[in-house]
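Trainee: In my numbering, the protein residues as written are 172 to 308.
Just so it is clear, CB atoms sit at the ideal spot from N, CA and C, and this is done for glycine as well.
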């Protein structure tokens with residue numbers, strides 16, 4: 172089935188479809204000046220290793236993390252508005268241990284059983300951005 176590309180006509184009639192070969196990163200945003208709190212949550216609670224940003228991007232604020240072979244970019248946006256629906260989903264080796272770490276840090280763990288055979292929960296980062304955490308196979 173053709174997919175509209177926003178120009179009014181099916182994309183398949185205009186050019187061959189792009190071939191996506193992977194996902195490099197997902198970005199969430201936080202208020203300016205919150206980098207240390209970001210490190211405490213994503214690095215401390217969730218255990219993501221921080222990666223260095225290119226200098227030109229680092230000057231704008233924010234923090235980047237590795238998430239397996241992908242990355243989470245936490246950028247600064249003013250005015251800030253948390254993402255309540257859009258979210259990253261992290262695959263973890265021990266879902267119960269991560270849920271315990273989130274709860275120990277004062278976060279809410281909302282278990283979700285809507286997808287049969289998938290163990291997962293949703294929570295929010297310190298800024299109200301939705302985060303999904305799923306048990307890796």
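Would residue 260 and residue 303 be called neighbours here (beta carbons separated by less than 7 Å)?
Mentor: The count along the chain shown starts at 1 and reaches residue 260 at position 89. The count along the chain shown starts at 1 and reaches residue 303 at position 132. It is a contact, given that the beta carbons lie within the stated cut-off.
Trainee: Does any residue of chain C bring its CB to less than 7 Å from the CB of residue 227?
Mentor: No chain C is part of this structure, which consists of one protein chain only.
Trainee: On a CA-only basis, which of 287, 235, 215, 199 is nearest residue 252? Give me that one, please.
Mentor: Indexing the chain shown from 1 puts residue 252 at position 81. The residue with the shortest Cα to Cα distance from residue 252 is 199.
Trainee: For residue 296 and residue 287, what's the separation of their Cα atoms in angstroms?
Mentor: Residue 296 sits at position 125 when you count from the first residue of the chain shown. Residue 287 sits at position 116 when you count from the first residue of the chain shown. Note on geometry: alpha-carbon atoms of residue 296 and residue 287 lie some 26 Å from one another.
Trainee: Specify the secondary structure class of residue 222 as computed by DSSP and reduced to three states.
Mentor: Taking the first residue of the chain shown as 1, we reach residue 222 at position 51. Here residue 222 sits in strand by DSSP.
Trainee: Is there contact here, the region 222-231 with the region 264-277, by at least three beta-carbon pairs under 8 Å?
Mentor: no
Trainee: Could you tell me which of 292, 281, 214 sits nearest to residue 244, measuring between CA atoms?
Mentor: As a working note, residue 244 is residue 73 in the chain shown. The candidate whose alpha carbon is nearest that of residue 244 is 214.
Trainee: Is residue 234 closer than 7 Å to residue 216 when the C-beta atoms are compared?
Mentor: Numbered from 1 along the chain shown, position 45 holds the residue referred to as residue 216. Numbered from 1 along the chain shown, position 63 holds the residue referred to as residue 234. Contact: no.
Trainee: With DSSP collapsed to three states, give me the class of residue 239.
Mentor: Here residue 239 corresponds to residue number 68 of the chain shown, with the count starting at 1. Three-state DSSP puts residue 239 in coil, outside helix and strand.
Trainee: Would you give the residue range spanned by the beta strand (DSSP E) that residue 265 belongs to?
Mentor: What you label residue 265 is simply residue 94 of the chain shown in a count that begins at 1. Counting along the chain, residue 265 falls outside any beta strand (DSSP E), and DSSP gives it neither H nor E.
Trainee: Return the first residue and the last residue of the beta strand (DSSP E) that residue 303 is part of.
Mentor: Here the question's residue 303 lines up with position 132 in the chain shown. Where residue 303 is concerned, the enclosing beta strand (DSSP E) stretches over 301-306.
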